[in-house]
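Residue numbers (this note's numbering): 7 to 162. The beta-carbon is built from N, C-alpha and C at its ideal position, and this holds for glycine as well. No experiment lies behind these values; they were computed from the predicted model shown.
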Amino acid sequence: MNFKEATISDAPIIHKLMIKAFSEYKNDKMPSSALEETESNIAKALSQEGEKALIAYESDEPVAMVRFKIEQYKMNFYRLSVNPLYQGKGVGKHLLKSLEIYAKNKGVSEIICKVRMNIKRNVSLYKDIGYFIFDNYTIDKPNNESLHIVSMKKFI
């Protein structure tokens, strides 16, 4: 597996991977806002908003991606997306390890992500590779539902 830092021209790849990965949540009471993002939103974030992305390739096929921003010594990552055909095979962990190497090379010492607390497998994935919960909060949605979020962190 190899990894490539994305460019603006990779916005369609990033979008496709994200929609595939997040489509499992489309029928949830509170579907992920990732499903509402467009290629142009992603391209704008990459070109104008300081966002970056790392794409994982297996035999030249994009299989996973993660989006992130770096501010001083902190990296916030989000929208980690693994093609459903590759989920459960260590691709996400491998991508995060590559992200950590990238972060270290950029002088980052702290990596942060936010996760829906009810998606236990995602919380477990991050815990398994050294992340810990340092905060939690609730978002009240317009449909009178509450979304519980945990913030997770890892020092590298």
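Asked, Found
"State the start and end residues of the unbroken beta strand (DSSP E) segment that holds residue 118.", "116 to 122"
"What would DSSP say about residue 10, mapped onto helix, strand or coil?", "strand"
"On the premise that residue 63 lies in contact with residue 72, defined as a C-beta separation below 8 Å, what is that separation, rounded to the nearest angstrom?", "About 13 Å; that fails the 8 Å criterion."
"Would you kindly check if the distance between the Cβ of residue 7 and the Cβ of residue 100 is under 9 Å?", "yes"
"Can you grab the Cα-Cα spacing for the pair residue 141 / residue 118, in whole Å?", "11 Å"
"Per the contact definition of three or more C-beta pairs closer than 8 Å, is the segment 54 to 62 in contact with the segment 142 to 150?", "no"
"Just to check my reading of the structure: residue 120 and residue 84 have Cβ atoms closer than 8 Å, yes? What is that Cβ distance to the nearest angstrom?", "7 Å"
"Nearest CA to the CA of residue 35: which residue from 23, 103, 78 and 150?", "150"
"Thinking C-alpha only, which one of 21, 10, 26 and 16 is nearest residue 93?", "26"
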